[in-house]
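> Protein chains in written order, with the working numbering: chain A, 1 to 107; chain B, 108 to 364.
Note that the Cβ used here is the ideal one computed from N, Cα and C, for glycine as well.
Quantities reported herein were computed from a predicted structural model and do not represent experimental measurements.
Have a look at the structure that comes next, please.
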Amino acid sequence: MKATGKYKIFYLFLIVFAFSIYFSLPTDLTASEKWAGVDESVIEKFAKEFGIEPKEPLINTDQGDLLLFVFLLAGVVGGFIAGYYWRELIDYKDRKAEKVLVGSKKT
Amino acid sequence: MNSRFKIQNSKLIILILVMIYFSLFTLSDAYAMHLAEGILPFTWSLIWWALAIPFIGYGIWRLKVLSKDDLSFKPLVGLLAAVVFIISCMPVPVPTAGTCSHPAGTGITAIILGPAISALVASVALFIQALFLAHGGLSTLGANIVSMGVMGSLAGFIIFKILRSLRLNLMISGFFAGLLADWATYLMTSVELALGIRGDAPFLPLLTQIIVAFAPTQIPLGILEGFMTSGVVMLLYKKRPDLLMKMMVIKPSEVKG
Chain A
1 MKATGKYKIF YLFLIVFAFS IYFSLPTDLT ASEKWAGVDE SVIEKFAKEF GIEPKEPLIN
61 TDQGDLLLFV FLLAGVVGGF IAGYYWRELI DYKDRKAEKV LVGSKKT
Chain B
108 MNSRFKIQNS KLIILILVMI YFSLFTLSDA YAMHLAEGIL PFTWSLIWWA LAIPFIGYGI
168 WRLKVLSKDD LSFKPLVGLL AAVVFIISCM PVPVPTAGTC SHPAGTGITA IILGPAISAL
228 VASVALFIQA LFLAHGGLST LGANIVSMGV MGSLAGFIIF KILRSLRLNL MISGFFAGLL
288 ADWATYLMTS VELALGIRGD APFLPLLTQI IVAFAPTQIP LGILEGFMTS GVVMLLYKKR
348 PDLLMKMMVI KPSEVKG
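Pasting the structure below:
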């Protein structure tokens, strides 16, 4: 069954409503604890109880805007590769080669 | 024909790269279950590294064997490595627990590539995260490879094969493969943590405490990963059944039309 325009709006409303309920469910956590990763809320919590603290990573990108720089760098490299391979989709030679292959199969 | 495959593979490459591109720009902090640098004592770090290395070696050997006659295999492995990298970086809020965690993605790779290459793929993803994203650590990388790469992949692969041999359909088998790959990862992480930090404390009570602490986040997240794995497998079944046949996930007789 295809969703018609009227139903699409209804489904969209339903999704937004479900999300708003989902994220407003009550928890016992304070604002600073809320949405912490399980690495903090479980792993590091237990490690601290036994007197073990995590050490700084070899390359700590979690400082200031350094992580953003890494994301930017990865984005640039990823974007460049995506752009480079984009030509594979629109390369005239490839399409021509495919047509030749299809043609040779027919004959 | 080769040209058509090249174009289809290129589409996949572009799709994954665009996903990486946008994911990296939308990510903020890493909410990880990976064991951070310094959490495990040196001896345990070495033990987990020693356990992980044979699996990585076997994964490299399998990759060499399978890609020998099939040039499209390495790009496929690369694409799935990108998928695992993104999925295992993706923080998902779990309101019932009020915390964030991430799926592992190894259920998908275990089904498509097999457990050995899946472990290799997870190792690469974990290495990049540990080195550049302050997500996990280099000393704890062996432990993280064993939990996410080895245990996750093995659990996903074994349960998928068992359910398929019982003639359950792809959707259900994929769901349970994803679910158990996720839960096995967290179970192994709990074991590694309990063994590493316990000192003179008894092992089993501590392990139980850690598993209970993980449960409110990981039970719903595992179910989510089950749906995600099932969705990916079904999408491939509809759009690229040739890929699933090539990887011996399905038999030619299972393809409609």
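(1) Grab the span of the beta strand (DSSP E) containing B/Ser208 for me, first residue to last.
(2) At a cut of 8 Å, does the stretch 348–357 of chain B reach the stretch 318–330 of chain B through at least three beta carbon pairs?
(3) Identify, in the order they occur along the chain, each residue of the same chain with its Cβ nearer than 6 Å to the Cβ of B/Gly329, setting aside the five sequence neighbours on each side.
(4) From which residue to which residue does the beta strand (DSSP E) around B/Val201 run?
(5) Does the contact criterion of 3 or more C-beta pairs under 8 Å hold for the stretch 211–229 of chain B versus the stretch 161–176 of chain B?
(6) Going by DSSP, what residues sit across from A/Gly37 in a beta bridge?
(7) If I measure Cβ to Cβ from B/Gly244 and keep anything under 6 Å in the same chain, skipping five residues before and after, which residues do I get?
(8) Exposed or buried, which one is A/Tyr84 when buried takes at least 16 other CB atoms within 10 Å?
(9) Using a Cβ-Cβ cutoff of 8 Å, what residues of the stretch 184–206 of chain B are near chain A? List them in chain order.
(10) Taking Cβ to Cβ, would you say B/Ala232 is nearer than 9 Å to A/Ile59?
(11) Kindly list, in the order they appear in chain A, the residues whose Cβ is closer than 7 Å to that of B/Thr324.
(12) Count the other C-beta atoms from every protein chain shown that fall within 10 angstroms of the C-beta of A/Asp39, then say buried if there are 16 or more, exposed otherwise.
(13) In this structure, does DSSP put A/Lys8 in helix, strand or coil?
(14) Which residue comes first and which comes last in the alpha helix (DSSP H) that contains B/Pro148?
(15) For A/Val16 and B/Ala157, what's the separation of their Cα atoms in angstroms?
(16) Given that A/Phe69 touches chain B, what residues does it touch there, using C-beta distances under 8 Å?
(17) In the DSSP assignment, the alpha helix (DSSP H) including B/Pro323 goes from what residue to what residue?
(18) Could you list which residues in chain B have their beta carbon closer than 8 Å to that of A/Ile43, in chain order?
(19) Have a look at B/Ile235 and B/Gly205 and give me their C-alpha separation to the nearest angstrom.
(20) With 8 Å as the C-beta to C-beta threshold (strictly closer), list the residues of the stretch 330–347 of chain B near chain A in chain order.
(21) Taking 9 Å as the CB-CB limit, is B/Ser208 close to chain A?
(22) In whole angstroms, give me the CA-to-CA distance for B/Ile265 and B/Leu186.
(23) Can you give me the Cβ contacts of B/Pro200 inside the same chain, cut-off strictly under 6 Å, excluding the 5 residues immediately before and after it?
Quick look at the numbers:
(1) Thr206 to Ser208
(2) no
(3) Leu286, Asp289 and Trp290
(4) Val199 to Val201
(5) Verdict: yes, contact present.
(6) B/Cys207
(7) Ala143, Glu144 and Ala237
(8) exposed
(9) Pro198, Pro200, Pro202, Thr203, Ala204, Gly205 and Thr206
(10) no
(11) Val38
(12) buried
(13) helix
(14) Here B/Pro148 belongs to no alpha helix (DSSP H), and DSSP marks it neither H nor E.
(15) 48 Å
(16) Those do not exist, as A/Phe69 stays about 10 Å from chain B at its closest Cβ, beyond 8 Å.
(17) Phe310 to Lys346
(18) Met140, Leu142, Ala143, Ile146, Thr296 and Leu300
(19) CA-to-CA, the gap between B/Ile235 and B/Gly205 works out to about 28 Å.
(20) none
(21) yes
(22) 23 Å
(23) The beta carbon of B/Pro200 is closer than 6 Å to those of Cys207 in its chain, skipping five residues each way along the sequence.
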